[in-house]
Each structure stands twice: as C-alpha cells, then as structure tokens.
Amino acid sequence: MIELRCKDVNPRTVLIAGGCGFLGSWLVHRHFELGCRVICVDNLETGRMENVSDLSGQKTFEFIPQDIIDPLRIEGPIHEIYNMACAASPPKYQANPIHTLQTNIAGVTNLLDLAIEKQARFLQSSTSEIYGDPELIPQREDYFGNVNTFGPRSCYDEGKRVAETLIREYHLAHGVEARIARIFNTYGPRMRPDDGRVISNFVVQALLGEDITIHGEGNQTRSFCYVEDQIDGLMALMACEGWHSPVNIGNPEEHSVKDIARIVMQMTNASSGIVHLPLPQDDPMVRRPSIDLAHRLLDWRPKVALQQGLKDTIEYFRNEIQAGALCRTAAE
Numbered sequence: 010m011i012e013l014r015c016k017d018v019n020p021r022t023v024l025i026a027g028g029c030g031f032l033g034s035w036l037v038h039r040h041f042e043l044g045c046r047v048i049c050v051d052n053l054e055t056g057r058m059e060n061v062s063d064l065s066g067q068k069t070f071e072f073i074p075q076d077i078i079d080p081l082r083i084e085g086p087i088h089e090i091y092n093m094a095c096a097a098s099p100p101k102y103q104a105n106p107i108h109t110l111q112t113n114i115a116g117v118t119n120l121l122d123l124a125i126e127k128q129a130r131f132l133q134s135s136t137s138e139i140y141g142d143p144e145l146i147p148q149r150e151d152y153f154g155n156v157n158t159f160g161p162r163s164c165y166d167e168g169k170r171v172a173e174t175l176i177r178e179y180h181l182a183h184g185v186e187a188r189i190a191r192i193f194n195t196y197g198p199r200m201r202p203d204d205g206r207v208i209s210n211f212v213v214q215a216l217l218g219e220d221i222t223i224h225g226e227g228n229q230t231r232s233f234c235y236v237e238d239q240i241d242g243l244m245a246l247m248a249c250e251g252w253h254s255p256v257n258i259g260n261p262e263e264h265s266v267k268d269i270a271r272i273v274m275q276m277t278n279a280s281s282g283i284v285h286l287p288l289p290q291d292d293p294m295v296r297r298p299s300i301d302l303a304h305r306l307l308d309w310r311p312k313v314a315l316q317q318g319l320k321d322t323i324e325y326f327r328n329e330i331q332a333g334a335l336c337r338t339a340a341e
C-alpha cells in the first residue's frame, strides 16, 4: 500500500523537513528507494549532512539548507510533507528554548501554509512529551497529560502541544489533510553520539570504556522503538485515509533505565562503572504507550525485538568509532 502511494504519480514528490536528522534521514532514504522525488529541508542545527550525502547528485533528491521558521518558497508540486524538524533530546532543545518554541509554532505554521498552497498531505512528528510526567499508564491518545508549563522542558512539551492545536485549526479552517504521530522513544543507526538520550549515551559510553551515567536511581521507565518500526508506523499513518487525530507510534514494551544500562554493558562486554547523577527537573518517571489505536487503524505493531535493535545500534556506533567519527564521549 505504501509503495503504491509513492509510485501512483511519477515521480511523487515528498518534502521532509528535518531530513538530515535521525528519523528524517530514514524517511528520506525510504521514500527515495520507493521512487519518490524527495526534497530535504534542514538547517543542520542537529541534523548531519552525512546522513543523506549518499544521495547527493541524484536527480530525484534535492537538499534545501533552510530553517523552517522562515517561510518556504518551493517550485513545483508537493504531494506529502513530513515535519521532523525539531531537536528532540533535552540537551539539544534546551540549548535554545526560544528557537525550539519558534520551530514548533512559526515553523509548523509555515509548513501548514505550504500544505495549503500545494494541496499536500501533512504529517507532524509530535511526541510522547505531550503527556508530561503521566499519571495514566499506559498513555492513551485521549489522556490530556501532566505537563509543567513553566520548567526547563516546557519549550519542547508546550511547543509540541501548541503545534497539535495549530494543526487541528488548520484542518478545520482550511481542510488541510493532516496527520499527527505522537512518537515515543526511538533508537537505531544514524543517532548522534552526543544525542543526549538514554540508548545513545549508554552505547557510546560503554564502547569508549567510560562510566555509564544514570540520572537518578534508574528506576524511571522508557519504551524503546527501533527506528525501522517507527518509520513503518509513520508512513502507514501518512497513508491512512480520513483520520486527523493524534496516534501513538511507539513500542509498549517497558524497561527501566538501569535495566537498559545492564543490557548494553552485557552486549558490549563493557567493564564500565555506573555513576548516578541528579535527576533532571520534570523528568518523566514512566513512559509507555497504548498502541491499540495504531494497531486498529494502521494494522501496525513494532516487530524488532530490543536485543536485535540494540545489536544493530551498537554495531553502528562501533563502526563510527573505528572510522574516527567520534571525537568525544556522550558524557562530555
């Protein structure tokens, strides 16, 4: 079904904002392989050009170095727009909180205006951070969340919440065919080594022989979805007809942070110690999606087991280290 959507117009044009980033670059490659014309827009603030450099010079790939907070002027048809443009890890989005808010408000507005101009279908990468530090387990799409509007994470959490509201209003006022994916923790190849999230931190630290840094006691839980499963879910949601409300895309298998550290150390044969750091303000203690809606609506469930996904991720970072691509540890 997804392949037909890409090839029913030849070539079908897909714009991916944030296309040099972790998830964005996977979407770029998947659509390129399906025969689409792909427009990649990225300001390279957190994205890396090497994630898409293999496509440079291809006739059906175009890179536009631009921040989405500036209006986009693009010639020719666009059939689908994926918005993956926003730093997703706390160290990155907290580094410039005003820009994070602008990305989620002005940037989303600009992409929605482009969707109106091109009559394109639009997909927003929203987030499990919508739910804050949840009191409901697992988190369903109808849960309003428990979010601090005045804390260090608020620029991202509230920015994403406002973006969802903007999308709803554009759909009601202008008929924009919009999809909202609430993405839960995702991992895999092409993550930045300095990403600042649990799996990338632990893997890089273990491979470099550094101490594993755990915030708090490590009893907080996360649900980790392998990147290929995540991309399948996003593309299935984009292809879904007649649905405009948010959908959780994530893996409901829950693990404590300290268990992830133990598994990574075992799989890398690391002799690292463990250092406990203070727990950041508003850090969620639980994170587990209900994916009943995604299963019913999209016939989607994650397929890649944690051990297999970690094996591929560890191999990716090991190759990066051997190639000399990593000059600093995640702890730095």
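According to our numbering, the residues represented by the sequence shown are 10 to 341, in order.
Built from N, CA and C at the ideal position, the CB exists for glycine as well.
In this text the structure is predicted, and so the values were computed from the model without any measurement.
With fewer than 16 neighbouring CB atoms inside 10 Å of its own CB, R310 falls in the exposed class.
Counting C-beta pairs with one atom in each stretch, the region 170-179 and the region 221-235 have fewer than three that are closer than 8 Å, which means they do not touch.
Its chain contains A26, I73, Q75 as the residues whose beta carbon lies nearer than 6 Å to that of V50, once the 5 sequence neighbours on both sides are disregarded; these appear in chain order. Within the DSSP bridge table, the entry for D51 names P74 as partners. Residue pairing by DSSP puts A26 in a beta bridge opposite V50, N92. In the three-state DSSP reduction, T158 falls in the coil class, being neither helix nor strand. Taking a contact to require three or more Cβ pairs closer than 8 Å, the region 101-117 and the region 213-223 do not qualify as touching.
Measuring C-alpha to C-alpha distances from E42 to each of R57, L216, D63 identifies D63 as the nearest. Secondary structure at A115: helix, using DSSP grouped into helix, strand and coil. Comparing C-alpha distances from Y165 to each of A270, S135, V256 shows the shortest one belongs to S135. By the neighbour-count criterion, in which 16 or more other beta carbons inside 10 Å mark a residue as buried, N278 falls on the exposed side.
Y235 carries a strand assignment under DSSP once its states are collapsed to helix, strand and coil. For the 9 Å CB-CB criterion, T22 and G85 form a contact. The beta-carbon separation of N194 and R271, rounded to 17 Å, does not stay under the 8 Å limit for a contact. A Cβ-Cβ separation of about 5 Å places E89 in contact with R130 under the 8 Å criterion. In this structure the region 189-204 lies against the region 256-272, because at least three pairs of beta carbons, one per stretch, are closer than 8 Å.
Counting C-beta atoms within 10 angstroms of its own C-beta, K68 has fewer than 16 neighbours from the protein chains shown and is therefore classed as exposed. In this structure N157 does not touch G168 by the C-beta definition: roughly 13 Å separates them, more than the 8 Å allowed. Two segments are said to touch when three or more pairs of C-beta atoms, one from each, lie closer than 8 Å; by this definition the region 298-306 touches the region 239-259.
Boundaries cannot be given for R199, as no alpha helix (DSSP H) includes it and DSSP labels it neither H nor E. Comparing alpha carbon positions, the residue from G218, L288, E54, D308 closest to T109 is E54. M58 and Y102 have their C-alpha atoms roughly 19 Å apart.
When the Cα atoms are used, C249 and L307 turn out to be separated by approximately 7 Å. Following the DSSP letters along the chain, one finds T174 inside the alpha helix (DSSP H) bounded by residues 163-183. As a beta-bridge residue in DSSP terms, Q133 pairs with N92, I189. Along the region 256-329, the beta strand (DSSP E) occurs as fully enclosed runs of 3 or more residues at 263-265, 283-286, listed in sequence order.
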